[in-house]
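Asks: For the sequence shown, position 90 (counting from the first letter as 1) is numbered 73 according to this note's numbering, and the numbering increases by one without interruption.
No residue lacks a Cβ here, since even glycine has one placed at the ideal position from N, Cα and C.
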Amino acid sequence: MAQVERIGISLDKKLLGQFDKMIEQLGYQNRSEAVRDMIRDKLEAKKLENPETTAVAAVCLVYDHHETALSKRLLELQHSKHLQTISTMHIHVDHHNCLEIIALRGKVRDITQTADKIISLRGVKLGKVNMIATEDSHTHSH
Ligand code: NI
């Protein structure tokens, strides 16, 4: 584990009360873990503001497989030269609906453009993108 430094934070009572109530509802056992997560979340959001940041994304879609042109377009978009499709998972939900989860790696700009194109395709009923920034080197240590 990395070196740990203790810090003190001054907060007015009302704000601290609201914070404690919120983290209790979220299930946090202590304030430190909640503060750490909030800092990470903020740092992550900041990184993703830069379109040049390398990220991995999970694009989740629900679509009607009776829209025959859609599957073809989906595949074409996944073969975009700027992006690497890491994996796709396809679940047949019911007679009409398919759930597809597409994991992509690339720059935030290209991921966002491709995801927007996918989600706006005719027949896509629901689409969401979740991204996390990654190191460019594709290596990391635990
Ligand atoms: Ni299906």
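Have a look at Val209 and Arg88 and give me their C-alpha separation to the nearest angstrom.
Replies: Since the displayed the chain opens at -16 and closes at 125, residue 209 lies outside it and no answer follows.
Asks: Tell me Ala52's beta-bridge partners as DSSP assigns them.
Replies: In the DSSP assignment, no residue is bridged to Ala52.
Asks: Using CA atoms only, rank isn't needed, just tell me which of Gln1, Leu(-2) and Val45 is closest to Arg105.
Replies: Val45
Asks: For Glu83, does the three-state DSSP call read helix, strand or coil?
Replies: strand
Asks: Can you pull every residue whose C-beta falls closer than 6 Å to some heavy atom of the ligand GTP, listed in chain order?
Replies: Summarising the ligand content, the structure contains the ligand NI and does not contain the ligand GTP.
Asks: Mapping the DSSP letters down to three states, classify Arg88 as helix, strand or coil.
Replies: The answer is strand: DSSP assigns Arg88 an E or B state.
Asks: Is DSSP giving Gln8 helix, strand or coil here?
Replies: helix
Asks: How about His73 and Glu83: are their beta carbons less than 8 Å apart?
Replies: yes
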